[in-house]
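Trainee: Counting along the sequence shown from 1, when you hit position 36 you're at 36 in the UniProt record's numbering, and nothing is skipped either side. All residues carry an ideal CB built from backbone N, CA and C; glycine is no exception. In this text, all values refer to a predicted model and were calculated from it rather than measured experimentally. Have a look at this one before I ask anything.
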Amino acid sequence: MALLYSAERDSWLISPYFVPGEGGTLLMAGQARRGVTVRVLTNSLVANDVPLVHAGYRDYRAPLLAHGVQLYELKPGAQGPARELIGSSGASLHTKAFVVDGARGFVGSFNFDPRSAQLNTEMGVVFDHPALAAEVKRLFDHGTRPEAAWRVTLDGGALRWHGADERVWTHEPEASRGLRALVWLLSWLPIESQL
């Protein structure tokens, strides 16, 4: 967290299971208020293989966006260069990394969620290497292209998803009503620390 907080210009985060919690939300909102460009790439609901984790993430989107954090949600089965970010299932984001100020960062097994921070044994490498940072940023750029991910925005307090076509989604893109209802119900469970 200290490395993320140290950002002066930009902070780019890739996490398949992104549940920032209040602390992470405050950290990223504070960065954005200081003028740091904060960008996050995570799985969309239809690309996420763990709906319960998406339920933990969903309510943090609006506060993050309201403070200027840029959110991108990977589409299922992304093709082209974005494919490098996807796990062996071929459906969802698997890369876990972040880059700060184009030089320093992290690559490893740590998801930006309470489970990785408190329960799991995670590993990774913190680096200060501009060439490696450039490679992570390249992956981020490929993963956030409109063909590969939806950009999430706020419109009058309501979430909107924008992709490669002109369509603007007013609900979780490509997700069935049943899946959206399940995630809404799961979001009421008091288990965020276990996600």
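#1: Leaving out five residues on either side along the sequence, give the residues of the same chain with a beta carbon under 7 Å from the beta carbon of residue 7.
#2: How would you label residue 54, buried or exposed, when you count the other beta carbons within 10 angstroms and need 16 or more for buried?
#3: Suppose the cutoff is 7 Å on Cβ atoms and the five residues either side in sequence are ignored; what does the same chain contact list for residue 2 look like?
#4: Whole angstroms are fine: how far does the CA of residue 72 sit from the CA of residue 96?
#5: Does the distance from the CB of residue 50 to the CB of residue 76 come in under 8 Å?
#6: Should residue 161 be labelled buried (16 or more other beta-carbon atoms within 10 Å of its own) or exposed?
#7: Hey, which unbroken runs of the beta strand (DSSP E) at 3 residues or more fall wholly within the stretch 11-52?
#8: Just list the alpha helix (DSSP H) runs in the stretch 139-175, keeping only unbroken ones of 4 residues or longer that don't cross its boundaries, in chain order.
#9: Helix, strand or coil for residue 135? Go by DSSP, reduced to three states.
Mentor: By the coordinates alone:
#1: In the sequence shown, residue 7 corresponds to position 7, counting from 1. Taken in chain order, the residues that qualify are 31, 36, 100 and 101.
#2: One-based indexing of the sequence shown puts residue 54 at position 54. Buried, by the Cβ-count rule.
#3: Within the sequence shown, numbered from 1, the residue matching residue 2 stands at position 2. Closer than 7 Å at Cβ, skipping near neighbours: no residue.
#4: Within the sequence shown, the letter at position 96 stands for residue 96. Within the sequence shown, the letter at position 72 stands for residue 72. Between residue 96 and residue 72, the C-alpha separation is close to 14 Å.
#5: As a working mapping, residue 50 is identified with position 50 in the sequence shown. As a working mapping, residue 76 is identified with position 76 in the sequence shown. No. Outside cutoff.
#6: Start at 1 with the first residue of the sequence shown, and residue 161 comes out as number 161. By the neighbour-count rule (16 or more Cβ atoms within 10 Å), residue 161 is buried.
#7: 37-43
#8: none
#9: Looking up residue 135 in the sequence shown gives position 135. Helix.
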